[in-house]
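Take a look at the structure below.
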Amino acid sequence: MLKINRENLKSSHQLVWFIIDFLMLGLLIINLAFIIWDSIYNFVAVQNLLKEHAPAIQSAYHPIHERFIFYDLIFVSIFLTEFFVRWGYAIKAKIYDRWYFYPFIHWYDLVGCIPVGSLRFLRILRVISIIYRLHQYKIIDVTNSKIYRFVNFYYEAFMEELSDRIVLKVLSGVQQEVKRGSPLFDKIQEDILYPRRDMLSDWISRRVAEAAQEGYVPNRGALRSYLEDRVDNALKQNLELSRLKYLPVVGPTIQETLEEAVGDIVAHVIHQILEDLASASNHAFIEDIVNVFLPTPGEVKTDEAQNEALIHLIIEIIDAIKGQVKVKHWRSELP
């Protein structure tokens with residue numbers, strides 16, 4: 001059921017419109033029930049059934065059925081009066097940029113008032129608009145209702161199915177383009193990536209410097225100890241170096257000195273590399289790497305084997321994406 005928020009109702013400056021909305025909502029429900037019942041009663045079989053089992057109801061309602069248009073026009077006159085009142089208020093309050101926008105935006109209110117056949121059922125849209133307006137004002141909360149959860153669940157399921165089919169269709173088209181040797185990737189490289197090579201170099205340079213500063217500098221001591229331990233273990237497992245300890249007198253000293261020197265050199269080299277990456281001086285190094293991956297269009301050399309491997313890689317990636325898209329998440333949320 002709809003939950004009414006009394007606090008928002010008390011603080012609302014549009015209490016009159018709230019009352020009108022609820023009155024119109026009640027009249028619309030009554031009117032729609034009247035239309036549905038009269039449509040059912042219009043069948044001769046239903047009239048004959050009522051004559052046999054409920055003649056009093058049939059005799060009482062039949063005159064109303066014959067003057068159905070008249071009674072429906074009573075409702076229509078009320079709906080049109082409310083429509084023009086709201087239109088006048090919209091003009092006075094300058095809700096829309098132009099005074100004539102209101103009937104175009106609320107077209108369903110006017111079309112639903114046409115007392116012709118199926119157009120009457122467009123009054124359901126007016127019911128939905130009133131409920132939505134009250135929900136926006138936070139006067140009622142429709143999200144707690146079973147009807148809303150039911151409709152929203154199947155709406156989300158429908159949209160997921162629809163979007164999945166569209167995405168799969170698009171990805172299948174991309175695969176076909178790749179298989180046919182589409183020049184799309186050359187255009188991406190030459191027209192998009194290459195003109196922005198300097199920007200990419202600057203961005204990657206900053207990101208590498210930030211990563212090095214945040215990851216290495218605070219853990220410098222722990223990393224040095226780890227490297228020294230790894231180098232020490234590697235040197236101890238080296239057969240040639242282990243034979244030095246058999247030299248008389250100076251063997252163990254030479255072995256220990258070499259282990260310390262190599263460990264210190266390795267740690268120093270790693271430290272210097274990371275220090276350089278963490279500084280602004282890494283820009284030239286990053287720029288060289290970017291230039292390798294994004295050479296000047298005239299310098300690109302075609303390699304059929306590499307192109308085939310790249311095409312297969314792209315197709316496999318798209319297949320993996322399509323497989324993930326095919327997963328129906330809404331089925332796991334079935335009530």
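Be aware that the sequence shown starts at 1, since it is given in UniProt numbering, and climbs by one per residue. No residue lacks a Cβ here, since even glycine has one placed at the ideal position from N, Cα and C.
Does the distance from the C-beta atom of residue i to that of residue j stay below 8 Å?
i    : j    : result
Y108 : L125 : yes
L110 : F75  : no
M199 : I130 : no
V127 : L27  : no
R123 : L32  : yes
I105 : W99  : no
V325 : D164 : yes
Output needed for residue i: all residues of its chain with C-beta closer than 8 Å, excluding positions within five of it in sequence on either side, in chain order.
i    : result
V327 : none
Q47  : Y41, Q58, H62
Using the Cβ count rule (16 or more neighbours within 10 Å means buried), how would you classify residue i?
i    : result
Y102 : buried
N144 : exposed
W87  : buried
G112 : buried
A209 : buried
S205 : buried
S201 : buried
Whose C-beta lies closer than 6 Å to the C-beta of residue i among residues of the same chain, with five residues either side of it excluded?
i           : result
I35         : R120
E52         : none
K146        : none
A320        : none
residue 340 : Since the first residue shown for the chain is 1 and the last is 335, residue 340 is missing from the structure and cannot be characterised.
Following the continuous alpha helix (DSSP H) through residue i, name the residue where it begins and the one where it ends.
i    : result
E190 : Unbroken run through E190: none, as it is neither H nor E.
K94  : Counting along the chain, K94 falls outside any alpha helix (DSSP H), and DSSP gives it neither H nor E.
N31  : 15 to 41
Y61  : 55 to 66
R196 : Premise fails: R196 is in no alpha helix (DSSP H) and is neither H nor E.
I114 : Unbroken run through I114: none, as it is neither H nor E.
V127 : 123 to 136
P218 : Careful: P218 lies outside any alpha helix (DSSP H) and carries neither H nor E.
Apart from the five residues just before and just after residue i, which ones in its own chain have a Cβ nearer than 7 Å to its Cβ?
i    : result
K322 : L168, L171
I318 : L171, V174, Q175
In terms of alpha-carbon separation, which member of the options lies closest to residue i?
i    : options               : result
G117 : S39, N152, Q47        : S39
I139 : A320, W17, H268       : W17
I78  : A209, I20, I317       : I20
P115 : D202, E190, D229, F68 : F68
I30  : D72, L49, P55         : D72
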